[in-house]
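J.: One structure, as structure tokens, below. Some questions next.
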Amino acid sequence: MGPDGQWRFLIGSSKNSRGIAYLYKSKDFINWVQDENPFHSKEKTGNWEGLDFFPISLKGNEGLENWMINGENVKFVLKVSLDPTRYDYYTIGKYLPKTDRYILDNTALDGSKGLRYDYGNFYASKSLFDPGKKRRIIWGFSNESDTRMDIVEKGWNGTLPIPRRIWLDPNGKQLLVWPIEEVESLRGHEVQLRNKKIKKGEVLEIEGITAAQADVEAVFFFPSLSKAERFDPSWDHIDAQELCSRKGSAVQGGLGPFGLLTLASEKLEEHTPVFFRIFEDKNKHRILLCSDASSSSLKKGIYKPSFAGFVDVDLSKKMLSLRSLIDHSIVESFAAGGKVCITSRVYPTLAVFNNAHLYAFNNGSQTVTIKKLEAWSMNKPKEMN
Numbered sequence: 001m002g003p004d005g006q007w008r009f010l011i012g013s014s015k016n017s018r019g020i021a022y023l024y025k026s027k028d029f030i031n032w033v034q035d036e037n038p039f040h041s042k043e044k045t046g047n048w049e050g051l052d053f054f055p056i057s058l059k060g061n062e063g064l065e066n067w068m069i070n071g072e073n074v075k076f077v078l079k080v081s082l083d084p085t086r087y088d089y090y091t092i093g094k095y096l097p098k099t100d101r102y103i104l105d106n107t108a109l110d111g112s113k114g115l116r117y118d119y120g121n122f123y124a125s126k127s128l129f130d131p132g133k134k135r136r137i138i139w140g141f142s143n144e145s146d147t148r149m150d151i152v153e154k155g156w157n158g159t160l161p162i163p164r165r166i167w168l169d170p171n172g173k174q175l176l177v178w179p180i181e182e183v184e185s186l187r188g189h190e191v192q193l194r195n196k197k198i199k200k201g202e203v204l205e206i207e208g209i210t211a212a213q214a215d216v217e218a219v220f221f222f223p224s225l226s227k228a229e230r231f232d233p234s235w236d237h238i239d240a241q242e243l244c245s246r247k248g249s250a251v252q253g254g255l256g257p258f259g260l261l262t263l264a265s266e267k268l269e270e271h272t273p274v275f276f277r278i279f280e281d282k283n284k285h286r287i288l289l290c291s292d293a294s295s296s297s298l299k300k301g302i303y304k305p306s307f308a309g310f311v312d313v314d315l316s317k318k319m320l321s322l323r324s325l326i327d328h329s330i331v332e333s334f335a336a337g338g339k340v341c342i343t344s345r346v347y348p349t350l351a352v353f354n355n356a357h358l359y360a361f362n363n364g365s366q367t368v369t370i371k372k373l374e375a376w377s378m379n380k381p382k383e384m385n
């Protein structure tokens with residue numbers, strides 16, 4: 001509701017391949033009138049659906065209620081689900097309630113090159129404000145990547161990943177995404193590693209947990225950035241996902257690839273690697289996080305994409321953190337405290353139940369140290385009714 005006492009509602013649409021958010025107003029929540037001008041639009045983005053618009057605080061990580069539209073310490077997020085790509089994208093900007101204008105920050109990228117909550121299999125998300133814990137939570141949808149026949153046989157299609165808390169990164173340029181704290185109540189038996197070096201080509205099994213259903217948090221340390229690969233200027237014309245498919249975990253590098261092999265069979269015929277690869281680009285470094293499903297299953301005819309995103313993080317301490325939530329056919333990974341999140345759907349045939357394994361690995365020439373790793377077996381969700 002705006003300062004004029006009218007309710008507001010956004011509906012997504014398109015015209016001539018231009019994605020559009022139309023604004024409707026109502027005084028009684030029954031009769032609605034479309035505003036003269038589109039609330040926001042972008043050419044060559046196709047149909048918009050699943051719109052979400054909410055305030056975000058510039059200070060701290062607490063969420064804001066939807067009516068908090070004024071103040072110097074408030075910005076707004078507009079999320080759209082793009083039908084052509086089947087991914088969610090968001091922008092950050094200012095909202096002028098008197099004129100119902102949404103103005104993007106000058107650092108914001110709009111459309112299919114914009115920011116995403118999740119750079120993997122994640123769509124049609126919606127946010128809500130939790131007044132009890134003063135947080136904003138998003139919940140999205142991950143569809144199946146196996147065959148239509150498999151879906152018919154199962155009798156169901158898709159799953160909801162773990163709900164996630166979102167708040168503004170202190171840099172003001174993006175949101176941070178992190179699993180809600182309640183998921184930690186499902187943690188069971190724990191194993192730990194400290195200061196374990198992994199040389200080029202080494203694979204280290206993380207034993208003592210249920211690898212098919214686990215929560216893993218790791219911090220990786222590297223003593224130098226000197227072995228980072230040069231970022232080829234031609235890669236500026238491809239996205240992170242394409243770069244990941246070219247530079248998978250089996251492709252040796254300098255600083256990386258290193259990370260986790262999730263849902264892995266004993267002899268690695270099946271595995272879903274989640275890993276970092278660091279590049280040197282002029283006077284900066286680029287950090288790529290990949291979740292590569294191409295080797296996830298021996299099953300034929302299923303979609304096994306490589307998902308990836310670039311992580312905007314300071315490397316002065318020469319450390320990177322990674323958290324992965326693993327649950328049989330889904331791997332949800334979070335880099336650098338939530339700067340990049342990737343969800344992958346996978347369908348192993350060997351790495352199932354007690355036959356699933358979890359490994360840490362390094363396939364770069366630079367030795368990497370697992371500064372700290374904590375992994376938990378995860379219990380079944382608690383039924384509320």
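Numbering (UniProt numbering), first residue to last: 1 to 385. The C-beta atom is built at its ideal place from N, Cα and C for all residues, glycine as well. Since the structure is predicted, the reported quantities are computational estimates derived from the model, not experimental observations.
1. Check residue 287 in the structure and name its three-state DSSP category.
2. Kindly identify the DSSP beta-bridge partner or partners of residue 271.
3. Whether or not the segment 172–181 and the segment 112–119 are in contact is what I'm after, with contact meaning three or more pairs of Cβ atoms, one per stretch, closer than 8 Å; do they touch?
4. Can you grab the Cα-Cα spacing for the pair residue 110 / residue 42, in whole Å?
5. Within 10 Å of its beta-carbon, does residue 246 have 16 or more other beta-carbons around it, so buried, or fewer, so exposed?
6. Mind checking whether residue 375 and residue 214 have CB atoms under 9 Å apart?
7. Which residue wins for smallest C-alpha separation from residue 106, given the options 99, 94, 98?
8. Just to confirm my understanding: we take residue 371, look at its own chain, exclude 5 residues before and 5 after, and list those with CB closer than 6 Å. What are they?
9. Buried or exposed: where does residue 338 fall if 16 or more other Cβ atoms within 10 Å of its Cβ makes it buried?
10. Should residue 379 be labelled buried (16 or more other beta-carbon atoms within 10 Å of its own) or exposed?
11. Reducing DSSP to helix, strand and coil, say where residue 148 ends up.
12. What residue range does the beta strand (DSSP E) around residue 217 cover?
13. Roughly how many whole angstroms lie between the Cα atoms of residue 163 and residue 143?
14. Kindly list the residues whose CB is nearer than 8 Å to the CB of residue 285, restricted to its own chain and excluding five residues on each side of it in sequence; keep chain order.
15. Are the segment 70–79 and the segment 150–159 in contact at 8 Å, needing three or more beta carbon pairs?
16. So, with DSSP's three-state summary, where would you put residue 236?
17. Going by DSSP, what residues sit across from residue 56 in a beta bridge?
18. Note down the Cα distance separating residue 301 from residue 328, rounded to an integer number of angstroms.
19. With distances taken Cα to Cα, identify the nearest neighbour of residue 211 among 294, 354, 350, 323.
20. For my contact list, residue 325 and residue 332 are in at a C-beta cut-off of 8 Å; report their separation, rounded to the angstrom.
21. Please name the residue in 254, 252, 207 whose C-alpha comes closest to that of residue 266.
22. Using a Cβ-Cβ cutoff of less than 7 Å, which residues in the same chain neighbour residue 235 once the five nearest sequence positions on both sides are dropped?
23. May I ask you to report which of helix, strand or coil DSSP gives residue 266?
24. Residue 160 by DSSP, collapsed to three states: which one?
T.: In short:
1. Counting from one through the sequence shown, the residue named residue 287 turns up at place 287. Judged by DSSP in its simplified three-state form, residue 287 adopts strand.
2. Locating residue 271 in the sequence shown gives position 271, where the first residue counts as 1. None, per the DSSP bridge assignment.
3. yes
4. Within the sequence shown, the letter at position 110 stands for residue 110. Within the sequence shown, the letter at position 42 stands for residue 42. Their backbone Cα atoms lie some 7 Å apart in a straight line.
5. As a position in the sequence shown, residue 246 is number 246, starting the count at 1. Its Cβ having fewer than 16 others within 10 Å, residue 246 is exposed.
6. The residue given as residue 375 occupies position 375 in the sequence shown. The residue given as residue 214 occupies position 214 in the sequence shown. Yes, they are a contact pair.
7. Looking up residue 106 in the sequence shown gives position 106. Per the Cα distances, 94.
8. Looking up residue 371 in the sequence shown gives position 371. Excluding positions up to five away in sequence, the list reads 219, 221.
9. Taking the sequence shown and counting its residues from 1, one reaches residue 338 at position 338. When all chains shown are included, residue 338 counts as buried.
10. Residue mapping note: residue 379 aligns to position 379 of the sequence shown, counting from 1. With fewer than 16 Cβ atoms within 10 Å of its Cβ, residue 379 is classed as exposed.
11. Along the sequence shown, one-based indexing puts residue 148 at 148. Helix, per DSSP.
12. Residue mapping note: residue 217 aligns to position 217 of the sequence shown, counting from 1. Note, residue 217: beta strand (DSSP E), 213–221.
13. In the sequence shown, counting from the first residue as 1, residue 163 sits at position 163. In the sequence shown, counting from the first residue as 1, residue 143 sits at position 143. For residue 163 and residue 143, the distance between alpha carbons rounds to 16 Å.
14. What you label residue 285 is simply residue 285 of the sequence shown in a count that begins at 1. For residue 285, the CB contacts under 8 Å within the same chain, skipping 5 residues up- and downstream, are 225, 228, 278, 279, 315 in chain order.
15. no
16. By 1-based counting over the sequence shown, the position of residue 236 is 236. If DSSP states are grouped into helix, strand and coil, residue 236 belongs with the helices.
17. Here residue 56 refers to the residue found at position 56 of the sequence shown. BP columns for residue 56 point to 63, 75.
18. As a working note, residue 301 is residue 301 in the sequence shown. As a working note, residue 328 is residue 328 in the sequence shown. So the two alpha carbons sit approximately 19 Å from each other.
19. Translated into positions along the sequence shown, residue 211 becomes position 211. Closest by alpha carbon: 354.
20. Counted from its first residue, the sequence shown places residue 325 at position 325. Counted from its first residue, the sequence shown places residue 332 at position 332. Contact flag correct, Cβ pair sits at about 4 Å.
21. For the purposes of this step, residue 266 is taken as residue 266 along the sequence shown, with counting starting at 1. Nearest of 254, 252, 207 to residue 266, Cα basis: 207.
22. Here the question's residue 235 lines up with position 235 in the sequence shown. So the qualifying residues of the chain are 243.
23. Taking the first residue of the sequence shown as 1, we reach residue 266 at position 266. Of the three classes helix, strand and coil, the one that applies to residue 266 here is coil, per DSSP.
24. For the purposes of this step, residue 160 is identified with residue 160 of the sequence shown, where counting begins at 1. If DSSP states are grouped into helix, strand and coil, residue 160 belongs with coil.
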